[in-house]
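Protein chains: 2
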Amino acid sequence: MVRSMKTNKRQIIFHTAAALFRKKGYTATSMRDLAKAVGMEAASLYNHIQSKQEILAGLLLDAAQSFMQGMDEIEQKDISPIQKIEKLISLHIHIAVNNTDAISLLTQEWRHLEGEVFHSFNEKRKDYELRFKNILLEGIRCGEIKDVNPDVALFSILSTMRWFYAWYSKKDGLSIEELEEQFSSVLIAGLQK
Amino acid sequence: MVRSMKTNKRQIIFHTAAALFRKKGYTATSMRDLAKAVGMEAASLYNHIQSKQEILAGLLLDAAQSFMQGMDEIEQKDISPIQKIEKLISLHIHIAVNNTDAISLLTQEWRHLEGEVFHSFNEKRKDYELRFKNILLEGIRCGEIKDVNPDVALFSILSTMRWFYAWYSKKDGLSIEELEEQFSSVLIAGLQK
DNA sequence: CCTACCGATCGGTAGG
DNA sequence: CCTACCGATCGGTAGG
């Protein structure tokens, strides 16, 4: 009972922190801001968490995990490079819709991670980008994708998805299916022969 | 003589601050960090500038001015919507190449502006995005651009250009002409019928 | 351009 | 979960 309530409060703290970090930035969000938002004194937060840094690390590594798992599954599918890219766009949309605040931190706030966590997060990010780029390269090699600069193509997609994290919560007009269709239409048409 | 040296030092402070704000973020960059980077004590900075906030505001309003001026010129040209979009992509590339550090702040650090400057910067940003979107809408209306969601199309372009600000300094392989060609090829092909 | 310093605020701890 | 408080650091000022 005590244990489950503590875990529950911990989750509330993490979710509240995600929203604050997104709105104000990690450095500009104080533990007193966070305490006020969850309805306690700053000192009391430390009964549930170890440090401010632990919160950021937890949020970012969780979010990263979602992407790595999706990439693992999509890489193994027996479909063409462009179809894999469609699946990846869909992955980004689904993750963002379900976890908007934490995901938006991936773009901006990971540089405030410290020490080993910074390093391992950075490795994951580079690994993800490389695997995405390899799918593009395979598409170019097999003739399904036109001969564009793969870095420009990669970041055209990734940057647009990252903007989507910031934009999505404000927009309610489009369903997930419509979002997938619109993003695929705009982003993939620029790659096809 | 005294005046010109003071102006000179002021420019050094602004340029150095742009690089630090880009790397560490506005909040996480202290005036002592900045002072060290320009080779003086923190207190001495205040002989050249009035406040930390003045530096951020100066950098961001200067950068915004470059974009507004470019937009003014491109809007008036007697060319088609897609040709205007090509010109705008070229504008973003040229500005970024010439002023990489300050431009990269436009995306991330403007939220730390305070009071009236925050407000007026935000108005300029929204104005720029609206005018860009109107060019897309005109293209859709006249049949030159396919019937995509204009917000998705707009931010596909803007997000990709914003990523370019962060990416460019590391990359030296491509000339400006090649960059324009690659970005236009990937971004505009997704819009054309 | 420096030394010396201000009040405010930071992340976090002690002790209950 | 709170009160009380720590040392460190913040942006900025006084005075020379």
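So the protein lines, in turn, are chains V and C. Residues 0 to 192 in numbering that gives the first Met the number 0 are what the first sequence lists, from first letter to last. Residues 0 to 192 in numbering that gives the first Met the number 0 are what the second sequence lists, from first letter to last. In this text, a Cβ means the ideal position worked out from N, Cα and C, and glycines have one as well. For clarity, every value in this text was computed on a predicted model and none was experimentally measured.
For residue i, which residues from the same chain have a beta carbon less than 8 Å from its beta carbon, with the 5 sequence-adjacent residues on both sides left out?
i	result
aspartate 146 (chain V)	Ile139
histidine 47 (chain V)	Lys5, Lys8, Arg9, Ile12
lysine 132 (chain V)	Pro149, Asp150, Leu153
isoleucine 175 (chain C)	Ile92, His93, Val96
glutamate 177 (chain V)	none
glutamine 68 (chain C)	none
With distances taken from CA atoms, which of the options is nearest residue i?
i	options	result
alanine 62 (chain V)	V:Asp150, V:His93, V:Ile12, V:Ser50	V:His93
serine 119 (chain C)	C:Asn98, C:Gln64, C:Phe20	C:Gln64
methionine 70 (chain V)	V:Trp162, V:Ser103, V:Lys35, V:Lys125	V:Lys125
leucine 112 (chain C)	C:Ser183, C:Leu190, C:Lys51, C:Ser184	C:Lys51
tryptophan 225 (chain V)	V:Thr106, V:Ile73, V:Leu190	Only positions 0 to 192 of chain V appear in this structure, which leaves residue 225 (chain V) out of reach.
glutamine 181 (chain V)	V:Pro80, V:Ile144, V:Ser168, V:Glu85	V:Glu85
serine 168 (chain V)	V:Ile88, V:Asp100, V:Leu87	V:Asp100
Which residues in chain V sit within 7 Å of residue i, going by Cβ to Cβ distance?
i	result
leucine 161 (chain C)	The question names leucine, yet the displayed sequence has arginine at residue 161 (chain C). The answer, in chain order, is Ser158.
threonine 26 (chain C)	Gly24, Thr26, Ala27
alanine 188 (chain C)	Ala188, Gly189
serine 89 (chain C)	Those within 7 Å of serine 89 (chain C) in chain V number zero; the least Cβ separation is about 14 Å.
glutamine 107 (chain C)	Gln107
Among the residues of its own chain, which have a CB less than 7 Å from the CB of residue i, if the five just before and after it don't count?
i	result
isoleucine 102 (chain C)	Ala62, Ile94, Ala95, Tyr164
methionine 0 (chain V)	Summary for methionine 0 (chain V): the model assigns pLDDT 45, below 50, so the residue's position carries little reliability, and this model does not support an answer.
alanine 36 (chain C)	Thr15, Leu19
serine 79 (chain C)	Glu143
threonine 28 (chain C)	Leu19, Phe20
leucine 216 (chain C)	No statement about residue 216 (chain C) is possible, as the shown extent of chain C runs from 0 to 192 and does not include it.
To the nearest angstrom, how far is the alpha carbon of residue i from that of residue j?
i	j	result
alanine 34 (chain C)	arginine 110 (chain C)	23 Å
isoleucine 11 (chain C)	leucine 44 (chain C)	11 Å
phenylalanine 154 (chain V)	glutamate 40 (chain V)	42 Å
glycine 57 (chain C)	valine 116 (chain C)	10 Å
alanine 16 (chain V)	asparagine 98 (chain V)	13 Å
leucine 129 (chain V)	alanine 42 (chain V)	42 Å
proline 149 (chain V)	asparagine 121 (chain V)	21 Å
leucine 59 (chain C)	leucine 173 (chain C)	27 Å
tyrosine 127 (chain C)	phenylalanine 66 (chain C)	8 Å
threonine 26 (chain C)	glutamine 191 (chain C)	42 Å
isoleucine 134 (chain C)	isoleucine 134 (chain V)	33 Å
leucine 104 (chain V)	lysine 22 (chain C)	16 Å
serine 183 (chain V)	glycine 114 (chain V)	37 Å
lysine 123 (chain V)	glutamine 75 (chain V)	18 Å
serine 89 (chain C)	tryptophan 166 (chain C)	16 Å
glycine 38 (chain V)	glutamine 49 (chain C)	37 Å
glutamate 179 (chain C)	glutamate 179 (chain V)	28 Å
With 16 as the cutoff for other CB atoms within 10 Å, does residue i come out buried or exposed?
i	result
arginine 31 (chain C)	exposed
aspartate 77 (chain V)	exposed
glutamate 108 (chain V)	buried
isoleucine 54 (chain V)	buried
serine 158 (chain V)	buried
glycine 24 (chain C)	buried
isoleucine 144 (chain V)	buried
glycine 189 (chain C)	buried
In chain order, what residues of the same chain lie with their CB nearer than 6 Å to the CB of residue i, ignoring the 5 residues before and after it?
i	result
glutamine 82 (chain V)	none
methionine 246 (chain V)	A question about residue 246 (chain V) goes unanswered here, because the residues of chain V that appear run from 0 up to 192.
isoleucine 156 (chain V)	Leu186
glutamate 72 (chain C)	none
leucine 222 (chain V)	There is simply no residue 222 (chain V) to check, as chain V begins at 0 and stops at 192 in what is shown.
cysteine 141 (chain C)	none
In chain C, which residues lie less than 8 Å from residue i when you measure between Cβ atoms?
i	result
phenylalanine 120 (chain V)	Ordered by position in chain C, no residue passes the 8 Å Cβ test against phenylalanine 120 (chain V), which lies about 17 Å from the chain.
Between residue i and the ligand SAM, is the CB less than 6 Å from at least one heavy atom?
i	result
proline 149 (chain C)	With respect to the ligand SAM, the structure offers nothing, as it holds no ligand at all.
Which bits of chain C does residue i rub up against, with CB to CB less than 7 Å?
i	result
asparagine 148 (chain V)	Gln181
phenylalanine 154 (chain V)	Thr159, Trp162, Trp166
valine 151 (chain V)	Gln181, Phe182, Val185
Can you pull the chain V residues whose beta carbon is under 8 Å from the beta carbon of residue i, in chain order?
i	result
serine 103 (chain C)	Those within 8 Å of serine 103 (chain C) in chain V number zero; the least Cβ separation is about 12 Å.
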